[in-house]
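Reading through the structure tokens given below for one structure.
Residue numbers (the working numbering): 221 to 957.
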């Protein structure tokens, strides 16, 4: 029995021992007598025994995460593969940091894909800062950075520090993996927040749905987050397959930690290492100020190749007795301003603000610590008790408001409501178009509140607006806006704040334009097109909601001051038989000026319509004219391009009688004097701003070709101030009966 058992054991042993040999034999293949073997078929022991060729090879060997193969993954892979230069640029930046990150990942037993996460987070830019205030290679938010012991103070921001941020990121990822037991979910939580992922999992569980990463309801950014990392993983694994050329990165340390015991200017440290300052900052991006304080920051990072150079140059510098730092601290005293401090320390206020990161709309408060120039004096090292030194600033002159878009809202309406410009809304919310969706969250940066008297309101000038259009919008006069805001002229700029009084009566609307609704139109798009608000359109068209239909006629008139009679001297009520031409002549305006002042898109007007006939927004300037012998009121009016009625009105004249030496107030258009050699009462016209040759021809009832021929013009180009000969309609001779 014993023999038989022993024999059986030997047979089993021989059989088991022969299995590897059989397997190895079946894996080998030959083509044309040449032995070949796929890389994947190299025994694991053989692969692992050979050292990694470079850092990329080392990363590939440590892959340990499950793959995804959904549409988001394929889209990410396609996106990256189509941009090989982007991958090469990011990979080149990664060369400074990858060895250290891979070392830390392997030391913790984590999958090496995680070393590639900064590809997705920051594109390996250690000074990257997101709109949401996340910072560094690993994009830590301020609050999360505090949880993981990343110091953020006057001196440094360890969210940007290469060593500390890597430590904190891997701590956080390990914690998340411990919570979820799945790297995909851990990464989703890193991007979205652990509470959000837990809530999404609970939501699916309650509905008996799968709770793995691809099945959770999450924001688009988070849904794309893991697929993008796995796409980078695939490109690193098979760069040739996708036409990617990864830069050579040795599997060796790039930088070395250097301990220091003295304060040193960042610029000086870079010079001693014979490095460009920008290159030095890429390894030491966590320092906030131009001095590296030894008591707060005991380590700097230098490329391994520059360490010996730095040490030799440092020894030579110290032997000269020159200080390594040119900065010291200054405590702000009560009643001191930045301007006062700048004069004391022989700096400019702008320099103080730039070096200490003080915004222009903030002031420093007493007790604040400022970094200032030591002016060549030896002030000693900055001590450790200043670690908690703070920069206390006054409240910002702006405040941040979160606004939820409501039905019918437009960017224009929101800008007007909150007294800001459309451009600031687009900028702070990264809007590429004017389209908004209901419920959309907008960040509004609003300036300090302006104290207004009863009945006043604040208007922020929007693109394309003039004093005239603003006055029409609120049903007030241009002169009242000028007076309230102490404006000398009519020039205004986008973003300027204007105080506007309330109209004495409710505004009504002059409608000279109708818009036919087309497919895709909304009240918002129509309002933007014609420079009115949605509420104004609804009021004008008696709409109870924002619903409109294709083919519907929408009145898109403009508001002007309403009254049963002309409201003041600068308003004209259209009477039967009048045209823009006759009204413009009566008030000494060009037709184009009249259209511009009333925002008319055509030449059509109707009986009873109110038109503003005051001076044009631009080019109007009161001048005094002294009457010469032989001049009449008509001659003077024609000379200055004014209407007789207007000339009488601004001089309070009851008739046309004038005397030599009398002074008259005149408001010239583009014309200030007749062309030399032309009699004052000649048939001439001086071109005014906004006029074209066609407009002038219509004004005088001439054909365009005749006007060109009369003035020897080869084309329709004319300039403001140019004098043109015109033919007035002939007056038939009248003989007494």
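Yeah, the Cβ is synthetic: ideal placement off N, Cα and C, and Gly gets one too. Just so you know, these numbers come straight off a predicted model, no measurement behind them.
Coil, strand or helix - residue i by DSSP
{"i": "residue 593", "result": "strand"}
{"i": "residue 946", "result": "coil"}
{"i": "residue 461", "result": "helix"}
{"i": "residue 776", "result": "coil"}
{"i": "residue 920", "result": "coil"}
{"i": "residue 938", "result": "coil"}
{"i": "residue 651", "result": "coil"}
{"i": "residue 364", "result": "helix"}
{"i": "residue 641", "result": "coil"}
{"i": "residue 357", "result": "coil"}
{"i": "residue 425", "result": "helix"}
{"i": "residue 874", "result": "coil"}
{"i": "residue 404", "result": "helix"}
{"i": "residue 487", "result": "helix"}
{"i": "residue 631", "result": "helix"}
{"i": "residue 736", "result": "strand"}
{"i": "residue 390", "result": "helix"}
{"i": "residue 696", "result": "coil"}
{"i": "residue 492", "result": "helix"}
{"i": "residue 397", "result": "helix"}
{"i": "residue 706", "result": "coil"}
{"i": "residue 683", "result": "coil"}
{"i": "residue 714", "result": "coil"}
{"i": "residue 371", "result": "coil"}
{"i": "residue 818", "result": "coil"}
{"i": "residue 210", "result": "Missing from the structure shown is residue 210; the chain here goes from 221 to 957 and no further."}
{"i": "residue 381", "result": "coil"}
Residues that DSSP places opposite residue i in a beta bridge
{"i": "residue 623", "result": "662"}
{"i": "residue 676", "result": "721"}
{"i": "residue 376", "result": "507"}
{"i": "residue 860", "result": "Bridge partners of residue 860: none, in fact."}
{"i": "residue 830", "result": "793"}
{"i": "residue 500", "result": "Its beta-bridge partners do not exist; DSSP assigns none."}
{"i": "residue 846", "result": "883"}
{"i": "residue 478", "result": "520"}
{"i": "residue 933", "result": "Looking at the DSSP assignment, residue 933 forms no beta bridge with any residue, so it has no partner."}
{"i": "residue 349", "result": "355"}
{"i": "residue 613", "result": "584"}
{"i": "residue 904", "result": "945"}
Exposed unless 16 or more other CB atoms sit within 10 angstroms - verdict on residue i
{"i": "residue 248", "result": "With a pLDDT of only 34 at residue 248, under 50, the local geometry of the prediction cannot be trusted, and no value is derived from it."}
{"i": "residue 739", "result": "exposed"}
{"i": "residue 543", "result": "buried"}
{"i": "residue 472", "result": "exposed"}
{"i": "residue 682", "result": "buried"}
{"i": "residue 417", "result": "buried"}
{"i": "residue 310", "result": "buried"}
{"i": "residue 517", "result": "buried"}
{"i": "residue 644", "result": "buried"}
{"i": "residue 586", "result": "exposed"}
{"i": "residue 753", "result": "buried"}
{"i": "residue 483", "result": "buried"}
{"i": "residue 822", "result": "exposed"}
{"i": "residue 481", "result": "exposed"}
{"i": "residue 756", "result": "buried"}
Chain B contact for residue i (CB, 7 Å cutoff)
{"i": "residue 821", "result": "Of the protein chains in this structure there is only one, and it is not chain B."}
Query raised in the report: Are three or more beta carbon pairs between the region 489-509 and the region 452-465 nearer than 8 Å?
Result: no
Query raised in the report: Counting only runs that start and end within the region 512-591, where is the beta strand (DSSP E) found for 3 or more residues in a row?
Result: 519-523 and 547-551
Report task. Report yes or no: do three or more beta-carbon pairs, one from the region 297-310 and one from the region 447-461, lie closer than 8 Å? Result -> yes
Query - Entirely enclosed alpha helix (DSSP H) segments - the region 257-344, minimum 4 residues - result: 264-269, 275-281, 291-301, 304-314, 318-327 and 337-341
Query - the region 492-502 contacting the region 516-532, beta-carbon criterion three pairs below 8 Å - result: yes
**Report entry** Inter-stretch contact (C-beta, 8 Å, three-pair minimum) for the region 358-371 and the region 381-397
**Finding:** yes
Query raised in the report: Are there three or more Cβ pairs, one per stretch, closer than 8 Å when the region 852-859 is compared with the region 813-824?
Result: no
Requested in this report: Evaluate the contact criterion for the region 409-420 versus the region 549-559: three or more CB pairs, one atom per stretch, below 8 Å.
Outcome: no
Query raised in the report: Are at least three pairs of beta-carbons, each pair with one atom in the region 648-664 and one in the region 685-703, less than 8 Å apart?
Result: no
Query raised in the report: Which full runs of the beta strand (DSSP E) of 3+ residues lie inside the region 741-777, going along the chain?
Result: 773-775
Query raised in the report: Taking one C-beta from the region 275-286 and one from the region 310-328 each time, how about it: are there three or more such pairs within less than 8 Å?
Result: yes
Query raised in the report: Counting pairs of Cβ atoms below 8 Å between the region 337-350 and the region 573-592, do you hit three or more?
Result: no
Query raised in the report: Can we say the region 792-812 touches the region 824-833, given the rule of at least three CB pairs closer than 8 Å?
Result: yes
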